[in-house]
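Worksheet: the structure to be examined is printed underneath.
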Amino acid sequence: RIFSYVAQDAGFKTGTVMSKEYAEKQTAYAQSLMKIYTDTLFKLIGVTQGGDCLNIIHNYEKMIKFTEGASKCYIYGAGRWGKTCLKLLRLAGQDVTAFVVSKKEKCDPNDEIPVIEFDSLTDINEATVFIVSVKDIGIRKEIIKNLKTNSAEYFCFWE
3 RIFSYVAQDA
13 GFKTGTVMSK
23 EYAEKQTAYA
33 QSLMKIYTDT
43 LFKLIGVTQG
53 GDCLNIIHNY
63 EKMIKFTEGA
73 SKCYIYGAGR
83 WGKTCLKLLR
93 LAGQDVTAFV
103 VSKKEKCDPN
113 DEIPVIEFDS
123 LTDINEATVF
133 IVSVKDIGIR
143 KEIIKNLKTN
153 SAEYFCFWE
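Each residue of the sequence shown is one higher than the one before, starting from 3 at the first, in the numbering used here.
Following this line, the structure appears as structure tokens:
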């Protein structure tokens, strides 16, 4: 209800004054478009919250650039955000080798790509990269510590 007044007031700054009725129609139209946008974003990459969308906008290109030229790309974390990173990387045409987790029994089965435990990796080299997709800061710190101990190159999606 308030948005129509805001839209009407904004007209004074832009030079286009809207009537209350026209602002209400525009508000209804904008709301229906936002519903379409959020539904589409959810279908494409599993995201609907504005803050998460802003983080994706902020980090997407950095993540893609980070993975270019890697012989193997792993996503550390097989949860919701791991799956979101997988979709984003695939949209950019990047290959992902597997999801990496600390404890395999704690994660849901995944039929898109393999899920492997970090301790079972034997081929970490300078051309291997990790995308840390975990949002929880405490868990993320432990993962980063583990990656640094193994001299692994990583990119944190949520920092």
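Every residue gets a Cβ at the ideal spot worked out from N, C-alpha and C, and that includes glycine.
By a C-beta neighbour count over all protein chains shown, 10 Å radius and 16 as the cutoff for buried, is PHE68 buried or exposed? So PHE68 ends up on the buried side.
Range of the contiguous alpha helix (DSSP H) that encloses CYS55: Segment 52-69, the alpha helix (DSSP H) holding CYS55.
Whole-angstrom Cβ separation of ALA154 and CYS109, contact assumed at under 8 Å? Their Cβ separation, rounded to whole angstroms, is 19 Å, which puts ALA154 and CYS109 out of contact at 8 Å.
Between GLY121 and GLN28, what straight-line distance do the alpha-carbon atoms span, to the nearest angstrom? Correcting the residue type first, residue 121 is Asp in the shown sequence and not Gly. Looking at the two C-alpha atoms, the distance is approximately 55 Å.
Alpha carbon to alpha carbon, how far is ARG82 from GLN96? Give it in angstroms, no decimals. 19 Å
Between which two residues does the beta strand (DSSP E) holding SER77 run? The question names Ser, yet the displayed sequence has Ile at residue 77. From DSSP, the beta strand (DSSP E) with ILE77 extends over 74-78.
Under 8 Å between the Cβ atoms of THR50 and LEU43? In this structure, the beta-carbon distance from THR50 to LEU43 falls below 8 Å.
Do VAL131 and PHE159 have their beta-carbon atoms positioned less than 8 Å apart in this structure? no
Considering only residues of the stretch 74-149, which uninterrupted alpha helix (DSSP H) runs meet the minimum length of 4 residues and lie entirely inside it, listed in chain order? 82-93
With distances taken Cα to Cα, identify the nearest neighbour of VAL102 among LEU91, ARG92, GLY84, ALA94. It is GLY84.
Taking TYR78 and ILE145 to be in contact with their CB atoms under 8 Å, please state how far apart those CB atoms are, rounded to whole angstroms. 5 Å
Sheet register partners of PHE44 (DSSP bridge): According to DSSP, residue pairing for PHE44 in a beta bridge does not occur.
Leaving out five residues before and five after PRO116 in sequence, what residues of the same chain have Cβ atoms less than 6 Å from its Cβ? ALA100
Should ASP1 and LYS45 be called a contact, given that it needs their Cβ atoms to be closer than 8 Å? Summary: the structure shown does not reach residue 1, with the chain confined to residues 3 through 161, and so no result is reported for it.
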